[in-house]
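Participant: The sequence shown runs contiguously to residue 417 in this note's numbering.
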Amino acid sequence: MLLAASLGFAIIAQVRQTSLQGLENLREDELVRIFADVDQDGDRLGDEVRDLQSSLDRLKSRSTSEEEAQRAAQERVDALGILAGTAPAKGPGILLRIDDPDGKVTQSIILDAIQELRDAGAEAIQVGDARVVATTWFADIEGGDGISVSGSVVRPPYVIRAIGDSNALAGSMQIPGGVTATVRRVGASADVQIRDELAVDALLSVTAPQYARPVPTATP
198 MLLAASLGFA
208 IIAQVRQTSL
218 QGLENLREDE
228 LVRIFADVDQ
238 DGDRLGDEVR
248 DLQSSLDRLK
258 SRSTSEEEAQ
268 RAAQERVDAL
278 GILAGTAPAK
288 GPGILLRIDD
298 PDGKVTQSII
308 LDAIQELRDA
318 GAEAIQVGDA
328 RVVATTWFAD
338 IEGGDGISVS
348 GSVVRPPYVI
358 RAIGDSNALA
368 GSMQIPGGVT
378 ATVRRVGASA
388 DVQIRDELAV
398 DALLSVTAPQ
408 YARPVPTATP
């Protein structure tokens, strides 16, 4: 822009200088040369403006590409956070409530429910206040008063939240001989509620791997 402004000032200065000399005192060939120079400088100014505009367009395009890359990276981080259980999630899904007054529901029944939900496409699951991820383990508590979810004690009623296709998730709980049927067979009760939106907000802390290291990306 500075160069364009300089060219503009040069044209104005040239015209003013010509005015001072008096156009009426100049020969025709001199007038033609002066105005040709002015036209040439005007063309140069136009070229500079177009070049600057082209540079600006490239900068805007680069900025847009960088913003898109940052947005894609953030979406990837968010998705990985949900899968790893380090980020909260919300969306449509189901709420499964299992009432077990006699302590007959074991960890294997809860694990069957989790596996059925995963098979039905659940993207985030929570049992009580415990987040469920790929490495989650379940164990019975002595005396039948609850279960252990990766070391966190969860007691009845067991409330399982799962985000995904709500109809598919609900159907997976109610298939003949499935989870709800097993729960009722041991004397407990199960209730499946479809929700347009629910939250899975129990979080896990990030644990750094002890042995594994990332493989450096090969540069072309």
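Positions of the beta carbon are idealized from the N, C-alpha and C atoms, including for glycine.
1) Within its chain, find whatever has a CB closer than 7 angstroms to the CB of A319; leave out the 5 residues flanking it on each side and keep chain order.
2) Bridge partners for Q323 per DSSP, in chain order?
3) Mind checking R328: buried by the 16 CB within 10 Å criterion, or exposed?
4) Can you tell me which of the three DSSP states E313 falls into?
5) May I have the straight-line CA-CA distance separating T404 from A281, to the nearest angstrom?
6) Helix, strand or coil, according to DSSP, for A367 in the structure here?
7) Could you check if V397 is buried or exposed, using at least 16 other CB atoms within 10 Å of its CB as the buried criterion?
8) Under three-state DSSP, which class holds G290?
9) Considering only their Cβ atoms, is the gap separating S363 from G290 smaller than 8 angstroms?
10) Taking the C-alpha atoms as reference points, what is the distance between Q304 and R259?
11) To which residues of the same chain is E393 closer than 6 angstroms at the C-beta, ignoring the five residues directly before and after it?
12) Alpha carbon to alpha carbon, what distance is there between R315 and I344?
13) Straight-line CA distance for E245 to S251?
14) So what does DSSP say about L308, is it helix, strand or coil?
15) CB-CB under 8 angstroms to T379, same chain, minus the five flanking residues each way: which ones, in chain order?
16) Report, in whole angstroms, the separation of the C-beta atoms of I295 and A321, which I expect to be a contact under 8 angstroms.
17) State buried or exposed for I372, treating a residue as buried only when at least 16 other CB atoms are found within 10 Å of its CB.
18) Who are the Cβ neighbours of D275 in its own chain at under 8 angstroms, not counting the five residues just before and after it?
19) Taking the alpha helix (DSSP H) that R381 belongs to, which residues open and close that run?
20) How far does the beta strand (DSSP E) with E394 in it reach, from first residue to last?
21) When you compare each of G374, V302 and I338 to V356 by their alpha carbons, which one comes out closest?
Facilitator: By the coordinates alone:
1) A359, I360, G361 and L366
2) R328 and R358
3) buried
4) helix
5) 11 angstroms
6) helix
7) buried
8) strand
9) yes
10) 54 angstroms
11) Before going further, note that residue 393 is Asp rather than Glu in the sequence given. For D393, where only same-chain residues beyond five positions count, the Cβ hits under 6 angstroms are P289.
12) 20 angstroms
13) 10 angstroms
14) helix
15) I306 and D309
16) Their Cβ separation, rounded to whole angstroms, is 19 angstroms, which puts I295 and A321 out of contact at 8 angstroms.
17) exposed
18) A284
19) V376 to R382
20) S386 to V397
21) V302
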